[in-house]
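If you read the protein sequences in the order shown, they are chains A and B.
Residue numbering for the first sequence follows this note's numbering, starting at 315 and increasing by one per position.
Residue numbering for the second sequence follows this note's numbering, starting at 315 and increasing by one per position.
Glycine included, every Cβ here is placed at the ideal spot set by N, Cα and C.
Worksheet: one structure, shown below.
Protein chains: 2
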Amino acid sequence: MPNIFDVAKQAGVSITTVSRALNGYSDVNEKTRKRILKIAEELSYYPSAVARSLQGKKTNTIAFAPWLRDHIESRSFFKEIVGVLALGCLKYDLSLLVSGADSSQETSETLREVAGSGRVDGIILSDLKPEDERVALLTDIGIPFVAFGRTANYQELSYPFIDVDGAAGICTMVEYVYNQGRRRLAYLSGPFNTSYSVYRFNGYRESLSKFGIAEDPRLVVADLQEQNQIKQAVNRLFSLPEHQQPEAIIASNDMLALNVINSLTEMGREVGSKPGQTAVTGFDDLPFAAFLRPALTTARQSIEDTCGALLELLVAVMRQDGAEAKISQTNALMLGPKQYLLRPELVIRESA
Amino acid sequence: MPNIFDVAKQAGVSITTVSRALNGYSDVNEKTRKRILKIAEELSYYPSAVARSLQGKKTNTIAFAPWLRDHIESRSFFKEIVGVLALGCLKYDLSLLVSGADSSQETSETLREVAGSGRVDGIILSDLKPEDERVALLTDIGIPFVAFGRTANYQELSYPFIDVDGAAGICTMVEYVYNQGRRRLAYLSGPFNTSYSVYRFNGYRESLSKFGIAEDPRLVVADLQEQNQIKQAVNRLFSLPEHQQPEAIIASNDMLALNVINSLTEMGREVGSKPGQTAVTGFDDLPFAAFLRPALTTARQSIEDTCGALLELLVAVMRQDGAEAKISQTNALMLGPKQYLLRPELVIRESA
DNA sequence: TTGTAAGCGTTATCAC
DNA sequence: GTGATAACGCTTACAA
Numbered sequence: 315m316p317n318i319f320d321v322a323k324q325a326g327v328s329i330t331t332v333s334r335a336l337n338g339y340s341d342v343n344e345k346t347r348k349r350i351l352k353i354a355e356e357l358s359y360y361p362s363a364v365a366r367s368l369q370g371k372k373t374n375t376i377a378f379a380p381w382l383r384d385h386i387e388s389r390s391f392f393k394e395i396v397g398v399l400a401l402g403c404l405k406y407d408l409s410l411l412v413s414g415a416d417s418s419q420e421t422s423e424t425l426r427e428v429a430g431s432g433r434v435d436g437i438i439l440s441d442l443k444p445e446d447e448r449v450a451l452l453t454d455i456g457i458p459f460v461a462f463g464r465t466a467n468y469q470e471l472s473y474p475f476i477d478v479d480g481a482a483g484i485c486t487m488v489e490y491v492y493n494q495g496r497r498r499l500a501y502l503s504g505p506f507n508t509s510y511s512v513y514r515f516n517g518y519r520e521s522l523s524k525f526g527i528a529e530d531p532r533l534v535v536a537d538l539q540e541q542n543q544i545k546q547a548v549n550r551l552f553s554l555p556e557h558q559q560p561e562a563i564i565a566s567n568d569m570l571a572l573n574v575i576n577s578l579t580e581m582g583r584e585v586g587s588k589p590g591q592t593a594v595t596g597f598d599d600l601p602f603a604a605f606l607r608p609a610l611t612t613a614r615q616s617i618e619d620t621c622g623a624l625l626e627l628l629v630a631v632m633r634q635d636g637a638e639a640k641i642s643q644t645n646a647l648m649l650g651p652k653q654y655l656l657r658p659e660l661v662i663r664e665s666a
Numbered sequence: 315m316p317n318i319f320d321v322a323k324q325a326g327v328s329i330t331t332v333s334r335a336l337n338g339y340s341d342v343n344e345k346t347r348k349r350i351l352k353i354a355e356e357l358s359y360y361p362s363a364v365a366r367s368l369q370g371k372k373t374n375t376i377a378f379a380p381w382l383r384d385h386i387e388s389r390s391f392f393k394e395i396v397g398v399l400a401l402g403c404l405k406y407d408l409s410l411l412v413s414g415a416d417s418s419q420e421t422s423e424t425l426r427e428v429a430g431s432g433r434v435d436g437i438i439l440s441d442l443k444p445e446d447e448r449v450a451l452l453t454d455i456g457i458p459f460v461a462f463g464r465t466a467n468y469q470e471l472s473y474p475f476i477d478v479d480g481a482a483g484i485c486t487m488v489e490y491v492y493n494q495g496r497r498r499l500a501y502l503s504g505p506f507n508t509s510y511s512v513y514r515f516n517g518y519r520e521s522l523s524k525f526g527i528a529e530d531p532r533l534v535v536a537d538l539q540e541q542n543q544i545k546q547a548v549n550r551l552f553s554l555p556e557h558q559q560p561e562a563i564i565a566s567n568d569m570l571a572l573n574v575i576n577s578l579t580e581m582g583r584e585v586g587s588k589p590g591q592t593a594v595t596g597f598d599d600l601p602f603a604a605f606l607r608p609a610l611t612t613a614r615q616s617i618e619d620t621c622g623a624l625l626e627l628l629v630a631v632m633r634q635d636g637a638e639a640k641i642s643q644t645n646a647l648m649l650g651p652k653q654y655l656l657r658p659e660l661v662i663r664e665s666a
């Protein structure tokens, strides 16, 4: 690999001039610039990105920092978002650095390393916990970041984030099945260690009280992590006396809903929106949701939109746009400066 | 961000000692090391990855370098593979850098930049073309890489790759529908600018000749890029005189098959394995394949396996393992040193 | 066992 | 317009 000296020697100038020519400075003779450019081309010289960032220059790279858990729900969502994010980065001429840790204790450490490494200009923090030390960490370090999700205390901390309104989404689902005349509404969720799980569950509780339905603890099962647990939970729901069995199952995400549907089908129960059938709803509208049978009725938080908003906001933050960074998503509610809540949309299909 | 000087000052030693202590060198007093480690911890000091790589040290990062096209088939596959790769990297304590270019002319340039940037230790090159200048490019630069897919001249070039045996996969599908008694077999494909499309198509032609079926050019449609084109193609197939219409449609990938099924269904035609129904087969077994209706019969090239093999091989190459890098996949056929062909597996579901 | 000093490949600050 | 030269933060001979 040729370096700046090689080019300088070829061109018979100093490295300073080469640097200036290549970086489009104005104070360099047009002729010299042309010559240097040509030589750089010939030598197929590319400035070392690493040396550049050592000077504090932009890296044109952002990091995606998820908190990887081992849930059934976590994996499929992760894959989807990484892919979409990577694709979205192209538009901004950014590269995406994905680095996570195997164990959850290490995530903070890994994050600190990435943030302090000088390898990225900004970070997309994902899978926020209600109390998430990573927000303070990044704020301390002073690196631009945008969170996907929010902590409980987002108002005091006032860091930039994009979140999907989980409570609203679940409310919509509850309202929808309520209007079908269903009253015994079960709620299945993964662990509550992540913010969105909590918000979504709150949505369930809020809407129950809104409709004057008493909460039945037997209809709420949380901390579901793998297939078997879900199957067992569904089984248990339908071991209740018949008039206490749920008429609808609100699942906190699509992956859960998928498993619920499968369990129900295995048990010989019909899933759907008709009376007598069990209604099942999901959340996220992952690509497979439309293909399930019955096709999943769910709350869509278009991942494309969400990722688009995340990138838009992060890019604005990185530019130090003192101006309120506006994002172009139309369904966004502004909670604070650079804090947006995206409103999910009810997608009615067959499962409810 | 504290740097190595801060730690050195705190500890009352030179930066050399700090460096050595942190990198686990043996020639440093245990006491001093302890002290330095403690101080580094307190200061939450992390060595700058950038400065480190400037010294030619490992970055523990690999790049994924796809060739992004604008097909309907390209996008979903890309998302899947990036996600799985990112997850797979965790096992090896690697970060994944995804950087592509918007336009296809730029891919080589972008690649050169990444490869020469010093930011990554190795590269996974994807979406190979039958003649792909990127192989020579990376070989020239001398950076470790593994290709996902292969060029036509892989034997001369002898670079490491993992490929899925596209011909074999399609042969399996053809044989399967042939055994159902079907003889008029259409083949739908995306553009032939990518190796796997060519190999898969070859598989189609080989198996036709193997079964003594004459090729009917009207049953082969290539260069399909978007929904509408696929719909039109299917329409045209069934505008043929009835006894010339296809009894099976072999699609070169799942995304294509999905659209074929939808088109067929819209036209009121039944898809399935029974006589009278049109059989449709896919290739890849993307996550949605199992959920389609009818569920897609396809050739599975488990992306997990493929990515696993890619990473395994790349890590071996990066370690300079002169020894033949063995991969642990059991269905792998060795074409040459560090060149493996993965044999896809027939997944029989409902669509054929 | 520890320290000094020379890189690594850029960009930025001064002079000229 | 152009060129020395000093950073940037680290690793690694080479000394001590």
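Within the region 421 to 454 of chain B, contact with chain A at the beta-carbon level (separation under 8 angstroms) is assigned to R426, E427, V428, G430, S431, G432, R433. When DSSP states are grouped into helix, strand and coil, A609(A) belongs to the coil group. In the same chain as F552(A), and ignoring 5 residues on each side of it, the C-beta atoms closer than 6 angstroms to its own belong to Q559, in chain order. Any Cβ of chain B closer than 8 angstroms to the Cβ of A363(A) would place that residue at the interface, and such an atom is present.
Chain A has a Cβ within less than 8 angstroms of the Cβ of V398(B). Chain B places a beta carbon closer than 8 angstroms to that of P601(A), counting this residue as a contact. Among the bridge pairs identified by DSSP, I376(A) is matched with L410(A), G436(A). Secondary structure note for E659(B): its beta strand (DSSP E) is the uninterrupted segment 659 to 661. Taken in chain order, the whole beta strand (DSSP E) runs of length 3 or more contained in the region 535 to 620 of chain A are 562 to 565, 593 to 595, 612 to 614.
Under the criterion of beta carbons closer than 8 angstroms, L425(B) and L451(B) qualify as touching, at roughly 6 angstroms. Around A354(B), the same chain offers V321, L336 as residues with beta carbons nearer than 7 angstroms, after the five sequence neighbours per side are excluded. Assignment of G430(B) by DSSP, reduced to helix, strand and coil, places it in the helix class. One thing to note: R550(A) has its Cβ no nearer than 8 angstroms to the Cβ of I527(A).
Taking C-alpha positions only, F462(B) is separated from Y501(B) by approximately 24 angstroms. In the DSSP assignment, D320(A) falls outside any beta strand (DSSP E) and lies within the alpha helix (DSSP H) extending over 318 to 325. L610(B) sits close to G596(B), with the two beta carbons spaced by under 8 angstroms. In this structure the region 514 to 522 of chain A touches the region 477 to 493 of chain A; the number of beta carbon pairs closer than 8 angstroms is three or more. The beta carbon of F392(A) falls within 8 angstroms of a beta carbon belonging to chain B, placing the residue at that interface. Residue state for I476(A) is assigned as strand, using DSSP reduced to three classes. For Y501(A), the enclosing beta strand (DSSP E) has its first and last residue at 499 to 502.
Cα atoms of G504(A) and Q369(B): separation of roughly 45 angstroms, rounded to the nearest angstrom. In chain order, T421, D441 place their CB closer than 6 angstroms to the CB of W381(A), counting only its own chain and leaving out the 5 sequence neighbours on each side.
Among the residues facing chain A, M315(B) is included, as its CB has a counterpart in that chain under 8 angstroms away. Sixteen is the threshold: since fewer than 16 other Cβ atoms of the shown chains lie within 10 Å of the Cβ of E447(B), the residue is exposed. Excluding five sequence positions before and after A325(A), the CB atoms of its chain that fall closer than 6 angstroms to its own CB belong to R349, I350, I353, given in chain order. The contact set of G338(A) on chain B, defined by CB atoms closer than 8 angstroms, is empty, because the minimum CB distance reaches about 17 angstroms. Residues P444, E445 of the same chain have their beta carbon placed closer than 7 angstroms to that of A466(B), with the five preceding and five following residues left out of the count. Assignment of A639(B) by DSSP, reduced to helix, strand and coil, places it in the coil class. Under DSSP, the beta-bridge partners assigned to V460(B) are I438(B). Annotated as distal: P458(B) and Q653(B), with beta-carbon spacing of 8 angstroms or more.
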